[in-house]
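S.K.: Encoded as structure tokens, here's the structure I'll be asking about.
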């Protein structure tokens, strides 16, 4: 990994810590959660559209991209017609598996135990509020970080494949993935499923995963001049 990648990774971590400190200092996690809660009604907008649609179907496009990428990667060992897509497909598949899959949902969300907004006493539940750095008592599928938004932020992955040959298109993927992630995060906050800080950390962790993975795979060095997706020296 070059010095540039290291600096960018450190910057993301610093921004995550700074954002967490601001959210905690101003109480934005609870303030935002309370805004969508009514005594006796709970999180009253949770079943309304478009929030319910996003919750039910918002992750599926990410799975579709990841599965398609995996199939293309495997097919590249069978037919030469897709060999040039092998590196791109591998990056897309690994980004989904490692970022939203392993880091967000398995290692942190599955083990950290932070109560969700709807778990809190003041929001109709039975548990106490925990800051994102405080492990909680929820045994599984906890609040920190946010799973659905992580799958949405994953849509920024093509940015790392296109930023050298097609920078304008790359930026559209980056901004589009960020916007989709914010929208999905808003849906989960409205439903009492996550706090603002959960969504912020999902964004940072997914982007950081893709950043490091792109560096380890040397995507910028192995991308072609834009006429073809990849060079011939694909991953074998």
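Residue numbers (this note's numbering): 12 to 247. No residue lacks a Cβ here, since even glycine has one placed at the ideal position from N, Cα and C. It should be emphasised that the depicted structure is a prediction, and the values quoted were computed from it without experimental measurement.
Return the chain-ordered list of same chain residues with a C-beta closer than 7 Å to the C-beta of residue 208, the five sequence neighbours on each side being excluded.
M.R.: Within the chain shown, residue 208 is the residue found at index 197, counting from 1. Same-chain partners within the cutoff: 31, 34, 40, 143.
S.K.: Which of the three DSSP states, helix, strand or coil, is assigned to residue 67?
M.R.: One-based indexing of the chain shown puts residue 67 at position 56. Of the three classes helix, strand and coil, the one that applies to residue 67 here is helix, per DSSP.
S.K.: Use the C-beta contact count for residue 47: other C-beta atoms within 10 angstroms, 16 or more gives buried, fewer gives exposed.
M.R.: Residue mapping note: residue 47 aligns to position 36 of the chain shown, counting from 1. It is buried - the Cβ of residue 47 has at least 16 other Cβ atoms within 10 Å.
S.K.: Please state the DSSP three-state secondary structure of residue 241.
M.R.: Looking up residue 241 in the chain shown gives position 230. The pLDDT assigned to residue 241 is 49, lower than 50, so where the model puts this residue is not dependable; a value taken from the coordinates is nonetheless given after this. Residue 241: strand per DSSP, three-state reduction.
S.K.: Please return the same chain residues whose Cβ sits closer than 6 Å to the Cβ of residue 53, not counting the five positions on each side in sequence.
M.R.: In the chain shown, counting from the first residue as 1, residue 53 sits at position 42. Excluding residues within five positions, the ones whose Cβ falls inside 6 Å are 135.
S.K.: Ends of the alpha helix (DSSP H) at residue 15?
M.R.: In the chain shown, residue 15 corresponds to position 4, counting from 1. Note, residue 15: alpha helix (DSSP H), 14 to 37.
S.K.: I need the straight-line Cα distance from residue 150 to residue 55, nearest angstrom please.
M.R.: To locate residue 150, count along the chain shown from 1; it is residue 139. To locate residue 55, count along the chain shown from 1; it is residue 44. Near 26 Å, if we compare the C-alpha coordinates of residue 55 and residue 150.
S.K.: Return helix, strand or coil for residue 230, following the three-state DSSP convention.
M.R.: The residue you call residue 230 lines up with position 219 of the chain shown. Residue 230 falls in the helix class under three-state DSSP.
S.K.: Quick check on the burial criterion: 16 or more other C-beta atoms within 10 angstroms. Buried or exposed for residue 117?
M.R.: For the purposes of this step, residue 117 is taken as the residue at position 106 of the chain shown. It is exposed - the Cβ of residue 117 has fewer than 16 other Cβ atoms within 10 Å.
S.K.: Short check: CB of residue 161 to CB of residue 110, under 9 Å?
M.R.: Working through the chain shown from its first residue, we reach residue 161 at position 150. Working through the chain shown from its first residue, we reach residue 110 at position 99. In this structure, residue 110 lies closer than 9 Å to residue 161 by Cβ.
S.K.: For residue 184 and residue 166, I'd like the C-alpha separation in whole angstroms.
M.R.: Mapped onto the chain shown, residue 184 falls at position 173. Mapped onto the chain shown, residue 166 falls at position 155. For residue 184 and residue 166, the distance between alpha carbons rounds to 7 Å.
S.K.: Keeping to the same chain, check which residues put their C-beta closer than 8 Å to that of residue 246; ignore five residues upstream and five downstream.
M.R.: Here the question's residue 246 lines up with position 235 in the chain shown. Bear in mind that the predicted position of residue 246 carries a pLDDT of just 42, short of 50, making it unreliable; the figure below should be weighed with that in mind. Cβ within range, chain order: 97, 98, 101, 228.
S.K.: Considering residue 184, what are the terminal residues of the alpha helix (DSSP H) in which it resides?
M.R.: Start at 1 with the first residue of the chain shown, and residue 184 comes out as number 173. Looking at the DSSP string, the run of the alpha helix (DSSP H) that includes residue 184 is 178 to 201.
S.K.: Tell me the rounded alpha-carbon separation between residue 3 and residue 58.
M.R.: Limits of the chain in this structure are 12 at one end and 247 at the other, which puts residue 3 out of reach.
S.K.: Please confirm whether residue 213 and residue 164 have their CB atoms less than 9 Å apart.
M.R.: Taking the chain shown and counting its residues from 1, one reaches residue 213 at position 202. Taking the chain shown and counting its residues from 1, one reaches residue 164 at position 153. Contact: yes.
S.K.: Would the beta-carbon of residue 234 fall within 9 Å of that of residue 172?
M.R.: Taking the chain shown and counting its residues from 1, the one referred to as residue 234 is at position 223. Taking the chain shown and counting its residues from 1, the one referred to as residue 172 is at position 161. Contact flag set, yes.
S.K.: Tell me whether the beta-carbon of residue 169 lies closer than 9 Å to the beta-carbon of residue 181.
M.R.: By one-based count along the chain shown, residue 169 stands at place 158. By one-based count along the chain shown, residue 181 stands at place 170. Yes, Cβ-Cβ distance for residue 169 and residue 181 is below 9 Å.
S.K.: Taking a contact to mean a Cβ-Cβ separation below 9 Å, would you say residue 146 touches residue 204 in this structure?
M.R.: Translated into the one-based positions of the chain shown, residue 146 becomes position 135. Translated into the one-based positions of the chain shown, residue 204 becomes position 193. Cβ atoms of residue 146 and residue 204: not closer than 9 Å.
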